[in-house]
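Each residue of the sequence shown is one higher than the one before, counting from 1 in my numbering. Below is one structure, written out as structure tokens, with a few remarks after it.
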Amino acid sequence: DPRAYLTALAAYVGNHPKGEIRQGIGVVDATADGAGVSVTLGDGARLHAGRAVIANGWEAYDLLARMGGGRGVAVGGRRVTGRGVKGQAVLIDIAHDDDLPILYDSGSYVVPQGAGMGADATGRASRIAVGSTSTDAWLDDGVAMDGSALEAARTGCDPADTGFLDHAVTFCPALSGAPIAESWANIRPRNTIADAITGKIGTEPATGPVDGTDRIRLAVGGFKIGFGIAHLSGAHAIGL
1 DPRAYLTALA
11 AYVGNHPKGE
21 IRQGIGVVDA
31 TADGAGVSVT
41 LGDGARLHAG
51 RAVIANGWEA
61 YDLLARMGGG
71 RGVAVGGRRV
81 TGRGVKGQAV
91 LIDIAHDDDL
101 PILYDSGSYV
111 VPQGAGMGAD
121 ATGRASRIAV
131 GSTSTDAWLD
141 DGVAMDGSAL
151 EAARTGCDPA
161 DTGFLDHAVT
171 FCPALSGAPI
181 AESWANIRPR
191 NTIADAITGK
201 IGTEPATGPV
211 DGTDRIRLAV
221 GGFKIGFGIA
231 HLSGAHAIGL
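So this is what it looks like as structure tokens:
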């Protein structure tokens, strides 16, 4: 139940004596010095902390490119670069037990959700997420977007683009004919650095301290596999 998880996380941070959540304010720069990390926000405010973790998804790439005086940052000797890839998915309304596995084939995932995402009259979980598309060209080249225009491009759904669902039905026939309860879209971070083992581009997350300082750490990437490795990336990013 990702929504309940994020709600609980936000409540924890908001209730922590040193916790604060500032929504809708971008980060312009982050610089490590001998005493910690100085962070400049989009509204001009400056914050200081002993350590900082950069984990703001696809929007991290522009921030990372500005850091180091425009030289960018590296992890493990490799400069971290990437792009945002739009993905569209659906929630299917079908009652199910809590012990079902995650299914995958050729780019389509079937992910059963907990009852917090939706339940039938008896309390059984009734939402299964199916996704997703992958769209690189979701922004018009050379057209500056911000505010509502960027939000529309980022979260707008194409009702005709459901090939991933058609394919999911072929390997999970129980989905056939079940109604779509909700559709959504958003942007995922895809690193454009080669995997150290396979050499493939875009599959490896970047986690851990940036080269040259232990005070700034990253947790970015993990394209399409974030729900399986997010807890590991987070633990590695903070040095557990």
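Using N, Cα and C, we set each Cβ at its ideal position, and we do this for glycine too.
Bounding residues of the alpha helix (DSSP H) (the contiguous stretch that carries residue i)
i    : result
G84  : From DSSP, G84 is part of no alpha helix (DSSP H) but of the beta strand (DSSP E) over G82 to D93.
E151 : G147 to T155
L175 : Taken as a continuous stretch (DSSP letters only), L175 belongs to no alpha helix (DSSP H), as it is neither H nor E.
I128 : Where I128 is concerned, there is no enclosing alpha helix (DSSP H), although the beta strand (DSSP E) it sits in stretches over R127 to G131.
V210 : Counting along the chain, V210 falls outside any alpha helix (DSSP H), and DSSP gives it neither H nor E.
R3   : P2 to N15
L232 : G226 to A237
Residue i to residue j span [Cα, whole Å]
i    : j    : result
F223 : G36  : 30 Å
R215 : D29  : 14 Å
R218 : G226 : Checking the sequence shown, residue 218 turns out to be Leu, not Arg. Taking the straight line from one Cα to the other gives about 14 Å.
T162 : T213 : 45 Å
T42  : A149 : The question names Thr, yet the displayed sequence has Gly at residue 42. Looking at the two C-alpha atoms, the distance is approximately 19 Å.
V111 : D93  : 12 Å
T133 : G34  : 44 Å
Near the ligand PLP: residue i beta-carbon under 7 Å from a heavy atom
i    : result
G202 : The ligand PLP is not part of this structure, which contains no ligands at all.
Residue i and residue j closer than 8 Å at C-beta
i    : j    : result
V90  : S183 : yes
V75  : A178 : no
P159 : G84  : no
V13  : I25  : no
G87  : G131 : yes
T135 : N186 : no
A95  : D120 : yes
For residue i, the first and last residue of its enclosing beta strand (DSSP E)
i    : result
N56  : That residue, N56, is in no beta strand (DSSP E); it is neither H nor E in DSSP.
P101 : It is not in any beta strand (DSSP E) - P101 carries neither H nor E in the DSSP assignment.
P189 : I180 to N191
P112 : S108 to P112
V73  : No beta strand (DSSP E) holds V73; DSSP gives it neither H nor E.
Beta-carbon proximity list for residue i, same chain, < 6 Å, skipping 5 on both sides
i    : result
M117 : D1 and R127
I229 : G222
V47  : Note on residue identity: the sequence assigns Leu, not Val, to residue 47. V39.
R79  : G72
A60  : I54 and V220
D193 : It should be noted that the sequence gives Ile, not Asp, for residue 193. Closer than 6 Å at the Cβ level, and outside the excluded window around I193, lie R78.
Contacts around residue i, its chain only, beta-carbon distance under 8 Å, and the 5 residues preceding and following it disregarded
i   : result
A55 : L218, A219, V220, G234 and A237
A65 : G72 and T81
Cβ shell of residue i (< 7 Å), same chain only, five flanking positions each side left out
i   : result
A8  : none
A32 : T213, R215 and I216
- Query: With contact counted as at least three CB pairs below 8 Å, one residue from each stretch, are the stretch 122–139 and the stretch 193–207 in contact?
  - Reply: no
- Is it true that the stretch 165–173 meets the stretch 100–110, where meeting means three or more beta-carbon pairs spaced less than 8 Å apart? yes
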